[in-house]
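Colleague: Numbering-wise (my numbering), the sequence shown opens with residue 13 and increments by one. Note that CB positions come from ideal geometry on N, CA and C, so glycine has one too.
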Amino acid sequence: MYLSNQDIESLPRIRRINIINSISGIKPANLVGTQCDEGLANLAIFSSVVHLGSDPALIGCVFRSQHSRTQDTYRNIKASGVYTINQVPAELMENAHFTSAKFEREVSEFDRCGFNKEYHFDFPAPFVKESRLKLGLEMIEEIPIQSNGTILMIGRIMHLIFPDDMMDAEGNLNLEVIDGIGIGGVNTYYSLRKVDQFPYAHKETVPKL
Ligand SMILES: Cc1cc2nc3c(=O)[nH]c(=O)nc-3n(C[C@H](O)[C@H](O)[C@H](O)COP(=O)(O)O)c2cc1C
13 MYLSNQDIES
23 LPRIRRINII
33 NSISGIKPAN
43 LVGTQCDEGL
53 ANLAIFSSVV
63 HLGSDPALIG
73 CVFRSQHSRT
83 QDTYRNIKAS
93 GVYTINQVPA
103 ELMENAHFTS
113 AKFEREVSEF
123 DRCGFNKEYH
133 FDFPAPFVKE
143 SRLKLGLEMI
153 EEIPIQSNGT
163 ILMIGRIMHL
173 IFPDDMMDAE
183 GNLNLEVIDG
193 IGIGGVNTYY
203 SLRKVDQFPY
213 AHKETVPKL
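1) Using alpha carbons as the reference points, say which of Glu153, Gly93, Tyr202 and Leu164 lies closest to Phe135.
2) Which value, in whole angstroms, describes the spacing of the CA atoms of Ser77 and Val198?
3) If you scan the stretch 87–126 from start to end, which runs of the alpha helix (DSSP H) of 4 or more residues do you find wholly inside it?
4) Are the CB atoms of Pro175 and Arg124 nearer to each other than 8 angstroms?
5) Are Lys129 and Phe115 close, meaning C-beta to C-beta below 8 angstroms?
6) Who are the Cβ neighbours of Lys141 in its own chain at under 8 angstroms, not counting the five residues just before and after it?
7) Less than 8 angstroms separating the beta-carbons of Asp67 and Arg117?
8) Per DSSP, Cys73 forms a beta bridge with which residues?
9) Whose C-alpha, out of Met178, Ile195, Glu182 and Phe122, is nearest the C-alpha of Glu188?
10) Is any non-hydrogen atom of ligand 1 found closer than 7 angstroms to the C-beta of Ala102, if you look at the structure I gave you?
11) Roughly how many angstroms lie between the CA atoms of Ala137 and Glu150, to the nearest whole one?
12) Out of Glu103, Val74, Thr200 and Asp208, state which residue places its alpha-carbon closest to the alpha-carbon of Val44.
13) Return yes when the Cβ of Asn42 is within less than 8 angstroms of the Cβ of Ile89, no when it is not.
14) Start and end of the beta strand (DSSP E) containing Ser143?
15) If we count the other Cβ atoms within 10 Å of its Cβ and call it buried at 16 or more, is Ile155 buried or exposed?
16) Does ligand 1 have even one heavy atom less than 7 angstroms from the beta-carbon of Ile29?
17) By the 10 Å Cβ neighbour count, where 16 or more other Cβ atoms means buried, how is Ile195 classified, buried or exposed?
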């Protein structure tokens, strides 16, 4: 298969979405938890979560729709300044997928899609009880991406919760231990298996290959 830029641009919309969302590889499966002013909790699956640096500890996620501003998640973050990011547990991947449905604003995806909310450290955004790796974030910046109207939302990690036994002595986290899940495209889910681990690559230690 070969597709030129022109071929890509003339693909039927859904086919183009599926192909282009698949080509960057496996993405993390996360649920973004937010709360509106009236206290209603909202939950939505996001695959665009990316780490942007560790000092300060920043996480980005892309609000990809041209209509980002109508997404409850975006509106809640803008209004409250806080949100949570919760790794999807493998056993609840279908429930997590359901959160992408366009529910009415007054419907909480926590209740509708079978997740429990929990609160920690007086942080005013809901965490997902069933998730084993969870972050509480404070929004610090949003960058409009001029070329397509999407938005890169940047948050500072205020709280980080995960089981002790997924971390080794050097701080590496093993996602297999918590049965995390990956996303290909917009509808395909993959299991995660730890395959190997290598030390920092110094050019002096790279063997002749
Ligand atoms: C697998 C998957 C990954 C998704 N990732 C994103 C994403 O990274 N950014 C985004 O804006 N929407 C993403 N969506 C779409 C949102 O989940 C969807 O728009 C949802 O309805 C938003 O809910 P809200 O209106 O409650 O914010 C994804 C959907 C699926 C099924």
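Modeller: In short:
1) Gly93
2) 13 angstroms
3) 105–110 and 121–124
4) no
5) no
6) Phe127, Asn128, Lys129 and Glu130
7) no
8) Met165
9) Met178
10) no
11) 10 angstroms
12) Val74
13) no
14) Unbroken run through Ser143: none, as it is neither H nor E.
15) exposed
16) no
17) buried
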